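Colleague: Quick one: this structure, given as structure tokens, is what I'll be asking you about.
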Amino acid sequence: MRAARTRTAAAVLLTASLVLTGCGAGATDTAASDGKGGGMAAAKPADGTAEGAADSASGAAGKPASTVPAQQHVIRTAELSVEVKDAAKALAAARRVTTDAGGHVENETTERVDDSRLTSLIVLRVPQERYDSVLTELAGAGKLLDRKASAKDVTDQVVDVESRIATQRASVARVRTLMDRAEKLSDVVTLEGELSRRQADLEALLAQRDSLKDRTTLATITLRLLEPEKASAEEGEEDRPGFADALGGGWNALVGAAAWIGIVLTALAPWLAVALIAFVLWRRLVRPRLAARGPRPAGAAPVLPDAPRNAAGVAPAAEPAPGHPRTPQPREAPEK
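When the letters of the sequence shown are read in order and numbered with mature numbering (1 follows the signal peptide of the UniProt record, and there is no 0), they come out as residues -27 to -1, 1 to 309.
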């Protein structure tokens, strides 16, 4: 209940302040209009010459007042890619041009593509009035490869932010006035919370205005500097291999072939070892058994038992069968 009464009292105080502010503004406007009317009535003379003065005053009042055009707010950005002979010198020249124009370097990145080339990326901020001249000078530093430029009108956004800032400031001032008039502690606590919230909104609007002001006051130029690729040989020159090149190529081919052969043999070594073991087993164990068990072919000589051997270990020659052509015939005794 106490919290509800506190919120109700705070709401009543806010409403009263708004009503008082509106009444005060209306009274001020009424007084100003009355003062103007009274002044004009008092300034009007009674003689006839006052009619000419009144006519001239009415004619001057009838002329349309010169309206001051609103300032235009534009965000300008550009991107350039330029091919230069020396990226370091071109980068130093870009810094000098930016400084002479009243701007500054916001960001810079330089890296080496290979042993013979450099590339640089630099972000420049220059005043809007020097934007075109700086852009032209940077584009003429070398061979222009790419160029992109854009302009965005944010005048309505700037005007809207300014109006909201003015309204928020007035709101903060009203809450502070209510805090000065508050007598209860609960009312003060409630008004302090409201003041903190409105003050935070005001600071956010101020930050947005500062960002817009920075982007509309200074243009942004992103410059990329590239060095050309250097040719390894002159154009049109025929590259003929010499004796040393041929010898080196042949040696490299021989070494490569030997390496591949070694790799193949290394891969086949386990298989060759298994095959060799299998061949030895077959030659020593399997083949003799197969020969002993195999059928005797037709016409083969019968296997005779071992003949007795002499003292020298030599078996005597077998005597041929009778009637055999090789059987020795008895010789006839010579006649005396």
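Where a beta carbon is used, it is the ideal one built from N, C-alpha and C, also for glycine.
Fair warning: this is a prediction, and the values are worked out from it, not measured in the lab.
#1: Histidine 77: which of Asp187, Ala251, Asn225 and Pro243 sits nearest, CA to CA?
#2: Using the rule of at least 16 other Cβ atoms within 10 Å of the residue's Cβ for burial, across every protein chain shown, is arginine 98 buried or exposed?
#3: Threonine 189 to alanine 155, Cα distance in whole Å?
#4: In chain order, which beta strand (DSSP E) runs of at least 3 residues are fully inside the segment 96 to 155?
#5: Take asparagine 80 and list the residues in its own chain whose beta-carbon comes closer than 6 Å to its own, dropping the five residues that flank it on each side.
#6: Would you decide whether glutamate 176 is buried or exposed? Buried here means 16 or more other CB atoms lie within 10 Å of its CB.
#7: When we look at the beta-carbon of glycine 115 and count the other beta-carbons within 10 Å, is it buried (16 or more) or exposed?
#8: Do the segment 214 to 228 and the segment 155 to 169 meet, that is, are 3 or more Cβ pairs less than 8 Å apart?
#9: Please state the DSSP three-state secondary structure of aspartate 87.
#10: Leaving out five residues before and five after proline 57 in sequence, what residues of the same chain have Cβ atoms less than 8 Å from its Cβ?
#11: Starting from the Cα of alanine 60, find the closest Cα among Val253, Leu185, Ser89 and Asp160 and give me that residue.
#12: Mark arginine 49 as exposed unless 16 or more other C-beta atoms lie within 10 angstroms of its C-beta, in which case mark it buried.
#13: Within this structure, are the beta carbons of serine 123 and alanine 74 separated by less than 9 Å?
#14: With burial defined as no fewer than 16 other Cβ atoms inside 10 Å of the residue's Cβ, what is the status of alanine 139: buried or exposed?
#15: Straight-line CA distance for leucine 111 to histidine 46?
#16: CA-CA distance, alanine 240 and tryptophan 233?
#17: In angstroms with no decimal places, state the Cα-to-Cα distance between valine 127 and glutamate 202.
#18: Could you tell me the distance, in whole angstroms, from the CA atom of tyrosine 104 to the CA atom of alanine 192?
#19: Taking only three categories from DSSP, how would you classify alanine 217?
#20: For the candidate residues Gly215, Leu263 and Arg142, whose alpha-carbon lies nearest to that of leucine 179?
#21: Excluding the five sequence neighbours on either side, which residues of its own chain have a C-beta within less than 6 Å of the C-beta of threonine 195, listed in chain order?
#22: Starting from isoleucine 48, follow its DSSP beta bridges and name the residues at the other end.
#23: Within 10 angstroms of the Cβ of threonine 71, are there 16 or more other Cβ atoms? Answer buried if so, exposed if not.
#24: Over what stretch of residues does the alpha helix (DSSP H) that includes leucine 179 continue unbroken?
#25: Let's test the definition: count the other Cβ atoms within 10 Å of the Cβ of serine 136 and tell me whether it reaches 16, buried, or not, exposed.
#26: Could you tell me the alpha carbon to alpha carbon distance between lysine 125 and aspartate 160, rounded to whole angstroms?
#27: Roughly how many whole angstroms lie between the Cα atoms of proline 121 and serine 54?
Modeller: So, from the listed chains and residues:
#1: Taking the sequence shown and counting its residues from 1, one reaches residue 77 at position 104. Per the Cα distances, Asp187.
#2: Residue 98 sits at position 125 when you count from the first residue of the sequence shown. Counting Cβ neighbours within 10 Å, arginine 98 comes out buried, since at least 16 surround it.
#3: For the purposes of this step, residue 189 is taken as residue 216 along the sequence shown, with counting starting at 1. For the purposes of this step, residue 155 is taken as residue 182 along the sequence shown, with counting starting at 1. Cα-Cα distance, rounded: 43 Å.
#4: 116 to 126
#5: Against the sequence shown, residue 80 aligns to sequence position 107. Excluding residues within five positions, the ones whose Cβ falls inside 6 Å are Val96.
#6: Reading the sequence shown from its first residue, position 203 is the one you call residue 176. Glutamate 176 should be labelled exposed.
#7: To locate residue 115, count along the sequence shown from 1; it is residue 142. Classification for glycine 115: buried.
#8: no
#9: Here residue 87 refers to the residue found at position 114 when the sequence shown is read from its first residue. In the structure shown, aspartate 87 sits in a strand (DSSP, three-state: E or B).
#10: As a working mapping, residue 57 is identified with position 84 in the sequence shown. For clarity, residue 57 is valine in the given sequence; the question names proline instead. Around valine 57: Ala63, Ala114, Gly115, Lys116, Leu198, Leu199 and Glu200.
#11: Numbered from 1 along the sequence shown, position 87 holds the residue referred to as residue 60. Minimum Cα distance to alanine 60 is reached at Ser89.
#12: Within the sequence shown, the letter at position 76 stands for residue 49. The residue in question, arginine 49, is buried, as its Cβ has 16 or more Cβ neighbours within 10 Å.
#13: Position 150 of the sequence shown, counted from the first residue, corresponds to residue 123. Position 101 of the sequence shown, counted from the first residue, corresponds to residue 74. No, Cβ-Cβ distance for serine 123 and alanine 74 is not below 9 Å.
#14: Counted from its first residue, the sequence shown places residue 139 at position 166. The residue is exposed, with fewer than 16 neighbouring Cβ atoms inside 10 Å.
#15: Position 138 of the sequence shown, counted from the start, is the residue given in the question as residue 111. Position 73 of the sequence shown, counted from the start, is the residue given in the question as residue 46. Roughly 24 Å between the two C-alpha positions.
#16: On the sequence shown, residue 240 is found 267 positions in, with the first residue counted as 1. On the sequence shown, residue 233 is found 260 positions in, with the first residue counted as 1. Going by the C-alpha atoms only, they are around 11 Å apart.
#17: Residue mapping note: residue 127 aligns to position 154 of the sequence shown, counting from 1. Residue mapping note: residue 202 aligns to position 229 of the sequence shown, counting from 1. Straight-line Cα distance between these residues: approximately 42 Å.
#18: The residue you call residue 104 lines up with position 131 of the sequence shown. The residue you call residue 192 lines up with position 219 of the sequence shown. Approximately 7 Å, taken between the alpha carbons.
#19: Here residue 217 corresponds to residue number 244 of the sequence shown, with the count starting at 1. In the structure shown, alanine 217 sits in a helix (DSSP, three-state: H, G or I).
#20: Taking the sequence shown and counting its residues from 1, one reaches residue 179 at position 206. Comparing Cα-Cα distances from leucine 179 to each of Gly215, Leu263 and Arg142, the minimum goes to Arg142.
#21: By 1-based counting over the sequence shown, the position of residue 195 is 222. If we look at threonine 195 and ignore the five residues flanking it on each side, its Cβ neighbours are Glu52 and Val96.
#22: Position 75 of the sequence shown, counting from 1, holds the residue named residue 48. Per DSSP, Lys125.
#23: As a working mapping, residue 71 is identified with position 98 in the sequence shown. Buried is the call here.
#24: Here the question's residue 179 lines up with position 206 in the sequence shown. Per DSSP, leucine 179 belongs to the alpha helix (DSSP H) from 158 to 190.
#25: Counted from its first residue, the sequence shown places residue 136 at position 163. Burial call: exposed.
#26: Against the sequence shown, residue 125 aligns to sequence position 152. Against the sequence shown, residue 160 aligns to sequence position 187. Their Cα atoms are separated by approximately 47 Å.
#27: Translated into the one-based positions of the sequence shown, residue 121 becomes position 148. Translated into the one-based positions of the sequence shown, residue 54 becomes position 81. Correcting the residue identity first, residue 121 is lysine in this sequence and not proline. Taking the straight line from one Cα to the other gives about 9 Å.
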